[in-house]
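Each residue of the sequence shown is one higher than the one before, starting from 232 at the first, in the working numbering.
What follows is a short report on a single structure.
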Amino acid sequence: MEYISIAKNIKISPRKVRLVVDSVKKQNLNKALSVLSLMPKRAALPVKKAIDSAIANAVNNFKVNREALSVLDIIVGEGARLKRYHFAARGRVRPYKRRTSHIRVILTDTNSIATKKPATTENTEKSTEDTVRKQSKTVVAREDK
232 MEYISIAKNI KISPRKVRLV VDSVKKQNLN KALSVLSLMP KRAALPVKKA
282 IDSAIANAVN NFKVNREALS VLDIIVGEGA RLKRYHFAAR GRVRPYKRRT
332 SHIRVILTDT NSIATKKPAT TENTEKSTED TVRKQSKTVV AREDK
């Protein structure tokens with residue numbers, strides 16, 4: 232099962248947050264949290280808080296053991312862009328955009344990863360047979376003309 236937490240409108244550029252997130256993805260929780268606590272980037276604290284929130288959601292709402300959780304994925308999206316201005320010489324202004332980001336943390340049980348079944352191939356076989364039949368009908372119709 233997946234446990235999700237979303238942190239919205241973090242006042243750090245998504246590009247800078249992705250640098251932090253890429254070092255933490257696909258790790259177990261203890262290692263991810265220790266890496267984030269020692270990382271000197273400003274984006275490490277909001278990512279750590281989002282992971283802690285996802286852990287709290289899983290433990291309190293679904294009664295899951297904390298040691299059984301691992302980071303499945305962390306997605307960083309763009310938030311609102313706020314228009315701001317630097318005042319320049321001769322009464323001019325230089326506009327810029329203050330970027331924000333949304334952080335989505337997805338945790339999963341280590342047990343649920345092992346119990347997933349592979350996708351069935353029966354549906355794909357049927358669909359390929361149908362397309363072959365349709366193509367052969369169109370070829371026959373063209374030969375008649």
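For every residue, glycine included, the Cβ atom is placed at its ideal position computed from N, Cα and C.
Report the three-state DSSP secondary structure of residue i (helix, strand or coil).
{"i": "residue 319", "result": "coil"}
{"i": "residue 301", "result": "strand"}
{"i": "residue 311", "result": "strand"}
Just mark residue i as buried or exposed, buried being the case when its beta carbon has 16 or more other beta carbons within 10 Å.
{"i": "residue 268", "result": "exposed"}
{"i": "residue 327", "result": "exposed"}
{"i": "residue 319", "result": "exposed"}
{"i": "residue 336", "result": "buried"}
{"i": "residue 287", "result": "exposed"}
{"i": "residue 260", "result": "buried"}
{"i": "residue 311", "result": "exposed"}
Check for me: the beta strand (DSSP E) holding residue i runs from which residue to which?
{"i": "residue 261", "result": "Run containing residue 261: none in the beta strand (DSSP E); it sits in the alpha helix (DSSP H), 260 to 269."}
{"i": "residue 236", "result": "233 to 241"}
{"i": "residue 244", "result": "Element bounds for residue 244: n/a, residue is neither H nor E."}
{"i": "residue 328", "result": "324 to 340"}
Relative to the C-alpha of residue i, which candidate in the options has its C-alpha closest?
{"i": "residue 250", "options": "298, 278, 289 and 315", "result": "278"}
{"i": "residue 238", "options": "298, 274 and 254", "result": "274"}
{"i": "residue 339", "options": "309, 300 and 325", "result": "300"}
{"i": "residue 248", "options": "341, 284 and 308", "result": "308"}
{"i": "residue 334", "options": "294, 252 and 233", "result": "252"}
{"i": "residue 303", "options": "282, 292 and 272", "result": "282"}
{"i": "residue 315", "options": "292, 325 and 297", "result": "325"}
{"i": "residue 296", "options": "317, 243, 341 and 264", "result": "341"}
Mind checking whether residue i and residue j have CB atoms under 8 Å apart?
{"i": "residue 235", "j": "residue 331", "result": "no"}
{"i": "residue 266", "j": "residue 254", "result": "yes"}
{"i": "residue 262", "j": "residue 305", "result": "no"}
{"i": "residue 329", "j": "residue 313", "result": "yes"}
Hey, quick one: how far does the alpha helix (DSSP H) through residue i stretch, first residue to last?
{"i": "residue 288", "result": "275 to 293"}
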